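First the structure, in the form of structure tokens, and then the observations on it.
Residue numbers (our numbering): 4 to 234.
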């Protein structure tokens, strides 16, 4: 027998009472989330003066090109080292969650791109394998990944990840960054998040949080597979 098999069972009337008590907490959390979202939007911006160059489906592209005519840009920093055989399964899990919503983002004046460190032909082949439609760019040879805190040299002993010193031996790490481009074509970095800060961008996890077993995982997400590699 599992702990769930011994879970409390009550009448419908008792359940409604408990549900309403929890609903009050949910509403308080929603109000707090709205407050945090407003504070996030109010954060100061940093002008992006460096000219980053990427390789993509249409050849060499700038960061400005990645906006694709829109004012806002979300970048997924995807863990894919230059000599890796395939992309990170965890990053792939996040891309699975986001690929289908890009059209909706586009209609809110926002573009979405995935940027990896591997050469573009490698990234393009992986995108095709996974069946994704979103735009991919390669930052190979660019400072972009390093400047936004997701790639590190092996010799770097003082890695700063998620805004704190980190002793990880990883050279590629996950993250998301957000940018804004004004009428003068000036680009600003408005937000980045890493580590558990990425949870809010994974709808599958939010669905699991509704289930009796929750996420039902260990810290290393050992259950997770690329979506084409499950039994």
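Ideal Cβ placement from N, Cα and C applies to all residues, glycine included.
This structure is a prediction, so every number in the text was calculated from the model and none was measured.
Is the beta carbon of residue 120 less than 8 angstroms from the beta carbon of residue 163? Residue 120 is not a Cβ neighbour of residue 163, given a cutoff of 8 angstroms.
I'd like to know if the stretch 176-194 and the stretch 38-49 are in contact, where contact means that at least 3 CB-CB pairs between them fall below 8 angstroms. Because the criterion of three Cβ pairs below 8 angstroms is met, the stretch 176-194 and the stretch 38-49 touch.
Secondary structure of residue 97, DSSP reduced to three states: Three-state result, residue 97: helix.
Assign residue 140 to one of three DSSP states: helix, strand, or coil. Residue 140: strand per DSSP, three-state reduction.
If you check the beta carbons only, do residue 180 and residue 78 fall under 8 angstroms apart? Here residue 180 is near residue 78, since their CB atoms are less than 8 angstroms apart.
Cβ neighbour criterion (16 or more within 10 Å) applied to residue 82: Label assigned to residue 82: buried.
Below 8 angstroms on the Cβ atoms is my guess for residue 59 versus residue 123; work out the distance and round it to an integer in Å. Contact between residue 59 and residue 123 holds: CB atoms are separated by about 6 angstroms, below the 8 angstroms threshold.
Distance check for residue 29 and residue 214, CA to CA, integer angstroms please. So the alpha carbons of these two residues sit roughly 16 angstroms apart.
Contact check, residue 99 vs residue 137, beta carbons under 8 angstroms: The answer is no: Cβ separation not under 8 angstroms.
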